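Notes for the one structure printed next.
Chains as they are written, first to last, in the numbering used here: chain C, 111 to 292; chain U, 111 to 292.
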């Protein structure tokens, strides 16, 4: 199965917070599409922090795309030219929750919306997470940190209290890595 | 935890395939952000089709956001004013794979990227899926249908052969619904 050939890329929207390209592409069939829009987005980290006594650290905050307050795992964007994904995951964990961990392992690298967006999402598991510092929210953040027993996460997903694809996928990957017999 | 107040919405990009709003918002703290970009995206369905003999129907196709060929569950966008999510899921399943099912149940409704995008994603499980018709690809689609034994999906996720958050999350939700003891 072949990739599409990019004939020309126009910048449809060019802003620090939102960059959109309009590509003219040629499909393997020879068909030309002259307006395929792609959102150029920075890569993202998402981390599953669990304490030595089995509490999972989650964050609750308002998300302005969905216009709802949502419960997710800590994470955020990073610049792959500036820092490693692991460093970014630990930085986001510290800034959003004040927790840290000396026991972080990468789980997988996935896409969130490969149809429209360029960015990857890096998943990490942080065992033995501990409260280390105060939180440092950036200028748009107002975040509530919750400590939730690992055994309750499944129920929260079932009851649609956790309802973001990245966090559900990360929980499943973390469970596998923790050897919980999924 | 309060929502943000929208003071003004400007249309930053207005196209049939890509609509971006630039909101001026007031945070609960009183702080004003004058350039919060939101992608206005149509809602999406994703369906987990499994045959009577335990084969899962998946689709493999090139995705121009990621610039990669990816293995996912069937799905696509729909217009909530035109059809139900379930009708859309069955339509996408039929068009992309030629399979249908008389035994479809809704699993959950989630967000894919609640920070930047407006759209929800509706998850369905289709038991007793059967090949019913020929495929009907739309003008950008070139899709390979695969029948994969249910027991092999876990390994495909572990080996990063399945690596899209929506598909991983849907697999987990479908396993729960199928009573596979996650």
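Don't be surprised by glycine CBs; every beta carbon is placed ideally from N, CA and C. Note that the structure is predicted; figures quoted are calculated from it, not measured.
Backbone secondary structure at residue 237 (chain C) - three-state DSSP:
As a position in the first chain, residue 237 (chain C) is number 127, starting the count at 1. Strand at residue 237 (chain C).
Flag residue 139 (chain U) as yes if its beta-carbon sits less than 8 Å from any beta-carbon of chain C, otherwise no.
As a working note, residue 139 (chain U) is residue 29 in the second chain. Yes, its Cβ sits closer than 8 Å to a Cβ of chain C.
Got a sec? Which residues, its chain only, sit under 8 Å from residue 261 (chain C) by beta carbon, not counting five neighbours each side?
Stepping through the first chain from its first residue, residue 261 (chain C) is reached at position 151. The residues are 164.
Quick one: which chain U residues come within Cβ less than 7 Å of residue 279 (chain C)?
Within the first chain, the letter at position 169 stands for residue 279 (chain C). Near residue 279 (chain C) (Cβ distances below 7 Å), the residues of chain U are 275, 278, 279.
Should residue 227 (chain U) and residue 175 (chain C) be called a contact, given that it needs their Cβ atoms to be closer than 8 Å?
Along the second chain, one-based indexing puts residue 227 (chain U) at 117. Along the first chain, one-based indexing puts residue 175 (chain C) at 65. Yes. Within cutoff.
Endpoints, beta strand (DSSP E) assigned at residue 186 (chain U)
Sequence index remark: in the second chain, residue 186 (chain U) carries index 76 (1-based). In the DSSP assignment, residue 186 (chain U) falls within the unbroken beta strand (DSSP E) covering 185–187.
With residue 273 (chain C) and residue 218 (chain U) assumed to form a contact (beta carbons below 8 Å), what rounded beta-carbon distance in angstroms separates them?
Here residue 273 (chain C) corresponds to residue number 163 of the first chain, with the count starting at 1. Here residue 218 (chain U) corresponds to residue number 108 of the second chain, with the count starting at 1. Indeed, because the Cβ distance is near 7 Å, the residues count as touching under 8 Å.
Quick check on residue 178 (chain U) - is its C-beta less than 8 Å from some C-beta in chain C?
Taking the second chain and counting its residues from 1, one reaches residue 178 (chain U) at position 68. Closer than 8 Å to some Cβ of chain C, the Cβ of residue 178 (chain U) qualifies, so yes.
Pick from U:130, U:201, U:236, U:210: whose alpha carbon is nearest that of residue 284 (chain U)?
On the second chain, position 174 is the one that residue 284 (chain U) refers to. The shortest Cα separation from residue 284 (chain U) among U:130, U:201, U:236, U:210 belongs to U:236.
Any beta carbon of chain C sitting closer than 8 Å to that of residue 115 (chain U)?
Position 5 of the second chain, counted from the first residue, corresponds to residue 115 (chain U). When Cβ-Cβ separations below 8 Å define contact, residue 115 (chain U) makes no contact with chain C.
Listed by chain order, chain U residues near residue 145 (chain C) by CB distance under 9 Å:
The count along the first chain starts at 1 and reaches residue 145 (chain C) at position 35. Those are 125, 126, 127, 128, listed as they occur along chain U.
I want to see whether chain U comes within less than 8 Å of residue 232 (chain C), judged by CB atoms only; does it?
Within the first chain, the letter at position 122 stands for residue 232 (chain C). Chain U, which has no Cβ nearer than 8 Å to the Cβ of residue 232 (chain C), makes this no.
Nearest candidate by alpha-carbon position, reference residue 297 (chain U), set U:256, U:123, U:121, U:271:
For residue 297 (chain U) there is no data in the structure shown, the boundaries of chain U being 111 and 292.
Kindly indicate if chain U contains any beta-carbon less than 8 Å away from that of residue 228 (chain C).
Start at 1 with the first residue of the first chain, and residue 228 (chain C) comes out as number 118. Interface residue, yes.
When the Cα atoms are used, what is the spatial distance from residue 269 (chain U) to residue 279 (chain C)?
In the second chain, the residue the question calls residue 269 (chain U) occupies position 159. In the first chain, the residue the question calls residue 279 (chain C) occupies position 169. A straight line joining the alpha-carbon of residue 269 (chain U) with that of residue 279 (chain C) spans about 15 Å.
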